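Asker: Attaching a single structure in structure tokens format; questions to follow.
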Amino acid sequence: YNILNFIDPKSKEAVVKEWERFKREGGDRARFNFVFRGPVSGRKRYLELNAKGNFLPGLHLAIVRDVTERTEFEEKLQIINYDLKKFELAVENAYSHVIITDPDGTILYANKAAEIITGYSREEILGKKPSLWGKQMDLEFYKNLWRTIKEEKKTFGGEVKNKRKQGELYFADIHVSPV
Numbered sequence: 791y792n793i794l795n796f797i798d799p800k801s802k803e804a805v806v807k808e809w810e811r812f813k814r815e816g817g818d819r820a821r822f823n824f825v826f827r828g829p830v831s832g833r834k835r836y837l838e839l840n841a842k843g844n845f846l847p848g849l850h851l852a853i854v855r856d857v858t859e860r861t862e863f864e865e866k867l868q869i870i871n872y873d874l875k876k877f878e879l880a881v882e883n884a885y886s887h888v889i890i891t892d893p894d895g896t897i898l899y900a901n902k903a904a905e906i907i908t909g910y911s912r913e914e915i916l917g918k919k920p921s922l923w924g925k926q927m928d929l930e931f932y933k934n935l936w937r938t939i940k941e942e943k944k945t946f947g948g949e950v951k952n953k954r955k956q957g958e959l960y961f962a963d964i965h966v967s968p969v
């Protein structure tokens with residue numbers, strides 16, 4: 791078999807050019823990645839070639855390593871990161887007040903609308919609890935909220951009275967979901 795027959799056409803020209811450059815320039819080391827199709831299975835594999843020039847007089851040493859799992863994982867990670875970025879933009883620019891807390895209610899994230907609606911800056915909000923602007927409802931309301939999200943693991947919905955930083959009271963429809 792001639793290994794070049796199994797290198798993916800999209801990679802072949804670059805591999806040949808890089809290998810020829812390495813041999814011609816006599817560099818100490820070369821490293822490049824390419825796509826290979828198995829001669830029997832035809833399965834696509836991602837390979838990494840590491841070469842050392844003049845390993846022995848006039849000879850080059852090349853070690854090829856299968857990096858398919860790593861490459862496929864990195865590709866999936868890029869897709870996930872892209873999707874997360876879209877989600878982040880949507881939440882950050884939503885007109886609704888969105889916060890994310892840890893299981894004990896400490897605020898880990900607050901969007902722009904949370905700042906606008908409550909009057910507190912993000913710096914004042916992060917690390918605090920929603921009681922910063924809350925605590926305007928009776929104790930039974932909060933017991934029901936926590937029982938619903940912590941024990942029953944269900945979404946809690948209702949209307950709540952809150953207090954802006956400047957002291958003005960306002961009502962908000964809330965939806966609290968355990969994640």
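Quick note, the working numbering runs 790 ahead of the 1-based positions in the sequence shown.
For every residue, glycine included, the Cβ atom is placed at its ideal position computed from N, Cα and C.
No experiment lies behind these values; they were computed from the predicted model shown.
1. I'd like the list of long-range same chain contacts for K955, defined as Cβ closer than 6 angstroms, with 5 residues on each side in sequence excluded.
2. Throw me the rounded Cβ distance for the P968 and K943 pair, which I believe falls under 8 angstroms.
3. Which residues in the same chain as L922 place their Cβ atom closer than 7 angstroms to its Cβ, once the five residues preceding and following it in sequence are excluded?
4. At 3 residues or longer, what runs of the beta strand (DSSP E) sit wholly inside the stretch 845-896?
5. From this set, E949, F824, G948, which residue's C-alpha is nearest P799's C-alpha?
6. Under a three-way DSSP split, which group does L950 fall into?
7. Counting Cβ pairs, one atom from each stretch, are 3 or more of them under 8 angstroms apart for the stretch 880-888 and the stretch 860-872?
8. Taking C-alpha atoms, which residue in F826, R811, V966 lies nearest to V950?
Answerer: Based on what the coordinates show:
1. G909, Y910
2. 5 angstroms
3. Y910, I915
4. You should have 849-856, 889-891.
5. Comparing Cα-Cα distances from P799 to each of E949, F824, G948, the minimum goes to F824.
6. Before going further, note that residue 950 is Val rather than Leu in the sequence given. Correct three-state label for V950: strand.
7. No, they do not touch.
8. V966
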